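In the working numbering, the protein residues as written are 33 to 295.
Dropping the structure here:
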């Protein structure tokens with residue numbers, strides 16, 4: 033009888049203290065989780081790309097304008113690195129859409145994903161990819177250290193190899209996008225130079241004919257100590273040579289970029 037009373041007393045005490053016990057339990061679980069988060073190692077890999085705005089040369093007298101222009105250019109390049117197009121290419125190429133670090137979900141998100149899967153697979157996949165993309169962007173750091181001409185790219189992960197892999201993948205995707213842009217623009221420049229060269233050659237022929245007519249009409253052989261025909265030929269030949277040089281340079285750049293893409 034006494035043992036029964038003692039057990040009832042203990043149960044009553046536990047019942048009265050249930051909120052305190054629950055609070056202690058929750059606090060202990062939170063402390064344990066925080067400890068695990070703190071002791072879990074994090075690895076950060078960093079890559080640096082040199083940005084050379086050679087097409088935007090500013091004279092020394094306009095240094096302030098040049099500085100502002102350079103800052104805008106750097107901001108544009110940083111935004112390009114973190115653009116959805118480039119980051120999604122990396123996510124798909126490295127199979128990061130299924131990466132455990134980027135797929136941590138709460139119970140509510142798991143239930144919502146299951147319900148969406150029953151009624152709309154495409155929408156569920158789109159929402160999933162958008163969430164992974166946003167989490168990936170938050171873990172990726174892109175900046176311009178000390179306002180230099182360097183673009184720094186870094187990624188933090190639980191795995192050191194994954195950190196280095198993702199950092200290099202983002203840098204390579206950004207460079208590949210630049211090469212694609214150059215491939216798209218260089219053939220247009222080469223086409224324009226070829227058309228310019230044809231136009232110059234036709235102009236030279238017309239000028240030569242006009243010179244011969246002028247000489248025959250005025251019975252002239254020399255002007256300012258030089259033959260009139262040679263004046264036209266020399267002048268237009270210089271322009272033809274310049275146009276040809278630019279055309280060959282453009283073709284060489286196209287071939288170089290093609291070789292880089294094959295390697």
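Backbone N, C-alpha and C define an ideal beta-carbon position, used for all residues, glycine too. Note that the structure is a prediction, hence the values are computed from the model and not measured.
Euclidean distance between Cα positions of residue 181 and residue 234: 45 Å
### 6 Å Cβ shell around residue 212 - same chain, five flanking residues per side excluded
none
Hey, residue 186 and residue 277: beta-carbon distance below 8 Å or not? no
Limits of the alpha helix (DSSP H) - the one that residue 123 falls within: 116–125
**Report entry** At least three beta-carbon pairs within less than 8 Å, the stretch 52–68 to the stretch 160–177
**Finding:** no
Can you check which of these residues, 55, 227, 285, 121, is closest to residue 200 by C-alpha distance?
121
### Query
Helix, strand or coil: which one does DSSP assign to residue 180?
coil
### Under the three-state DSSP convention, the category residue 34 falls into
Note on residue 34: pLDDT 45, under 50, position unreliable in the model; the coordinate value appears next. Three-state result, residue 34: helix.
- Query: CB-CB under 8 Å to residue 191, same chain, minus the five flanking residues each way: which ones, in chain order?
  - Reply: 75
### Counted within 10 angstroms of its Cβ, other Cβ atoms place residue 205 as buried (16 or more) or exposed
buried
> Just the Cα atoms here: how many angstroms apart are residue 193 and residue 165?
Replying inline: 20 Å
Q. Roughly how many angstroms lie between the CA atoms of residue 188 and residue 171, to the nearest whole one?
A. 6 Å
**Q.** Proximal residues to residue 275 (C-beta, below 7 Å), its chain only, five neighbours per side dropped
**A.** 225, 228, 229, 232
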